[in-house]
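> Before I ask anything, here is the structure I am working with.
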Amino acid sequence: MGSILQNAIATCRFEIQSSFTIQRTSVSLILALFPPTMLGLLILGATFSRAGISSSILQDFTPLTIVLIGLVSLLSLILWATPNVSAELEGKSWVFIASRPGGRISIFLGKFLASFSVSYAICIVSISLCTLLIDSQLHIGNAVRFWLSLSGIFFLACLAYGGIFSLLGVLFIKRAMTFSVGFVIVSDIIMASVPGVLMNKFSIRYHLQEISLTWLGWFLPSSSEKGYRVIFGDGYPVTIHICILVGITLLTLCIGAWAIANREYITTYEA
Numbered sequence: 003m004g005s006i007l008q009n010a011i012a013t014c015r016f017e018i019q020s021s022f023t024i025q026r027t028s029v030s031l032i033l034a035l036f037p038p039t040m041l042g043l044l045i046l047g048a049t050f051s052r053a054g055i056s057s058s059i060l061q062d063f064t065p066l067t068i069v070l071i072g073l074v075s076l077l078s079l080i081l082w083a084t085p086n087v088s089a090e091l092e093g094k095s096w097v098f099i100a101s102r103p104g105g106r107i108s109i110f111l112g113k114f115l116a117s118f119s120v121s122y123a124i125c126i127v128s129i130s131l132c133t134l135l136i137d138s139q140l141h142i143g144n145a146v147r148f149w150l151s152l153s154g155i156f157f158l159a160c161l162a163y164g165g166i167f168s169l170l171g172v173l174f175i176k177r178a179m180t181f182s183v184g185f186v187i188v189s190d191i192i193m194a195s196v197p198g199v200l201m202n203k204f205s206i207r208y209h210l211q212e213i214s215l216t217w218l219g220w221f222l223p224s225s226s227e228k229g230y231r232v233i234f235g236d237g238y239p240v241t242i243h244i245c246i247l248v249g250i251t252l253l254t255l256c257i258g259a260w261a262i263a264n265r266e267y268i269t270t271y272e273a
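Residue numbers (my numbering): 3 to 273.
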């Protein structure tokens, strides 16, 4: 087990070092700068409007910031986590990996760590710039708490989604990106938005949303928290939501490790 973890860390280090190409670095910078750029344009537009801008509209910018950074984190994870097997098959290195003791599990865990690390680093850059921008314009009062809360929320988000997307990369190989996008649409957009249904509590978004409401305060565009609770029910303590997200991550990683260790992949294709 120790050698597998060491090999996974070595794989993670290699993946991160090999990612410093012009193309991947440019994509990472674009993703990291997209949320603060959009937020800055909106704040600039509000500044030049007749109503001006004040701290009272922070409630409008908080969900927007979360949505923008969440979109970036999902895109980066889809780009990094889903090709964990297909990249090795296309690079013709799968035979060597499969022949090594624990090689399959090591590459699976290592690529998960690499995708999580890169995605979370992108999120941290976006969170830092967005917090700086909002605090300079709206004077939110406790910018450190705002930054720490968002950092903790997206730490859990990158863990959970990284595990799920890594599992999908093992199961579906070449169509992993498509299935990952479909999972997000069905689970976190459709299912999580249906009020009064037990199934919405099985979505990742529900648990992240409840943690956000506790750490950031009420920021949803609904009229009141009381009305929200009438529709979606009472939330669990934050520790339970955190345990559920960590449990989902561990479960998907265990299933993915078992699947990649026992599944046979086609390494050659007929013309």
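C-beta: ideal position from N, C-alpha, C; glycine also.
Taking Cβ positions, are PRO37 and THR64 nearer each other than 8 Å?
Taking the first residue of the sequence shown as 1, we reach residue 37 at position 35. Taking the first residue of the sequence shown as 1, we reach residue 64 at position 62. The answer is no: Cβ separation not under 8 Å.
> To the nearest angstrom, report how far apart SER57 and SER168 are at their CA atoms.
The residue you call residue 57 lines up with position 55 of the sequence shown. The residue you call residue 168 lines up with position 166 of the sequence shown. Its pLDDT being 47, under 50, SER57 is placed unreliably by the model, and the measurement read from it follows with that caveat. Their Cα atoms are separated by approximately 40 Å.
> Any chance the region 202 to 217 sits against the region 93 to 107, with 3 or more Cβ pairs inside 8 Å?
Result no; under three Cβ-Cβ pairs closer than 8 Å.
> Excluding the 5 residues preceding and the 5 following THR254 in the sequence, name in chain order all residues of the same chain whose CB lies nearer than 6 Å to its CB.
Working through the sequence shown from its first residue, we reach residue 254 at position 252. The residues are GLY165, ILE166 and LEU169.
> Within the same chain, show all residues whose beta-carbon is closer than 6 Å to that of VAL120, passing over the 5 residues directly before and after it, in chain order.
Position 118 of the sequence shown, counting from 1, holds the residue named residue 120. Excluding residues within five positions, the ones whose Cβ falls inside 6 Å are TRP82.
> What residue does the alpha helix (DSSP H) around GLU212 start on, and which one ends it?
For this step, residue 212 is matched to residue 210 along the sequence shown. Residues 206 to 218.
> Taking only the alpha-carbon atoms, compute the straight-line gap between GLU92 and ILE107 and give it to the nearest angstrom.
Residue mapping note: residue 92 aligns to position 90 of the sequence shown, counting from 1. Residue mapping note: residue 107 aligns to position 105 of the sequence shown, counting from 1. Using only the alpha carbons, I get a separation of about 18 Å.
> Between the alpha carbons of ALA259 and LEU43, how many angstroms are there, rounded?
As a first step, residue 259 must be located in the sequence shown, where it is residue number 257. As a first step, residue 43 must be located in the sequence shown, where it is residue number 41. Cα to Cα, ALA259 sits roughly 44 Å from LEU43.
> Apart from the five residues just before and just after LEU111, which ones in its own chain have a Cβ nearer than 6 Å to its Cβ?
Here residue 111 refers to the residue found at position 109 when the sequence shown is read from its first residue. Once the five neighbours on either side are set aside, the close Cβ partners of LEU111 are ALA10.
> Within 10 angstroms of its Cβ, does ASN86 collect 16 or more other Cβ (buried), or is it exposed?
Here the question's residue 86 lines up with position 84 in the sequence shown. Buried.
> Please report how far the alpha carbon of PHE114 lies from the alpha carbon of PHE98, in whole angstroms.
Numbered from 1 along the sequence shown, position 112 holds the residue referred to as residue 114. Numbered from 1 along the sequence shown, position 96 holds the residue referred to as residue 98. When rounded, the distance between both Cα atoms is 19 Å.
> If you compare alpha carbons, which of LEU131, PHE157, LEU158 and PHE156 is closest to ALA145?
Numbered from 1 along the sequence shown, position 143 holds the residue referred to as residue 145. Checked all of LEU131, PHE157, LEU158 and PHE156; the closest Cα to ALA145 is LEU131.
> Excluding five sequence neighbours on each side, which residues of the same chain lie with their C-beta closer than 6 Å to the C-beta of HIS312?
Any answer about residue 312 is impossible in this case: the structure gives the chain only from 3 up to 273.
> Indicate whether TYR163 and ILE206 have their beta-carbon atoms separated by less than 8 Å.
Start at 1 with the first residue of the sequence shown, and residue 163 comes out as number 161. Start at 1 with the first residue of the sequence shown, and residue 206 comes out as number 204. For TYR163 and ILE206, yes; Cβs fall inside 8 Å.
> Have a look at LEU7, ASN264 and LEU35 and flag the residue whose alpha-carbon is nearest the alpha-carbon of ILE129.
As a working note, residue 129 is residue 127 in the sequence shown. Among LEU7, ASN264 and LEU35, the Cα nearest to that of ILE129 belongs to LEU35.
> Work out the CA separation of LEU222 and VAL240 for me, nearest whole Å.
For this step, residue 240 is matched to residue 238 along the sequence shown. For this step, residue 222 is matched to residue 220 along the sequence shown. Going by the C-alpha atoms only, they are around 18 Å apart.
> In whole angstroms, what is the alpha-carbon distance linking ASP302 and LYS203?
With the chain covering 3 to 273 only, the question about residue 302 has no answer from this structure.
> Buried or exposed, going by whether 16 or more other CB atoms sit within 10 Å of the CB of LEU252?
By 1-based counting over the sequence shown, the position of residue 252 is 250. With fewer than 16 other Cβ atoms within 10 Å, it is exposed.
> Looking at the structure shown, is ILE268 part of a helix, part of a strand, or coil, going by DSSP?
Counting from 1 along the sequence shown, the entry for residue 268 is found at position 266. In the structure shown, ILE268 sits in coil (DSSP, three-state: anything other than H, G, I, E or B).
> Within the region 68 to 97, note down every full beta strand (DSSP E) run reaching 3 residues or more, in order along the chain.
The region 68 to 97 contains no whole beta strand (DSSP E) run of 3 or more residues.
> Decide if SER138 is buried, meaning its Cβ has at least 16 other Cβ atoms within 10 Å, or exposed.
What you label residue 138 is simply residue 136 of the sequence shown in a count that begins at 1. When all chains shown are included, SER138 counts as exposed.
> Indicate whether at least one CB of chain D lies closer than 8 Å to the CB of ILE192.
Although the question refers to chain D, the structure presented lacks it and comprises just one protein chain.
> Nearest by alpha-carbon distance to ARG15: which of SER78, ILE109 and MET179 is it?
Here residue 15 corresponds to residue number 13 of the sequence shown, with the count starting at 1. The shortest Cα separation from ARG15 among SER78, ILE109 and MET179 belongs to ILE109.
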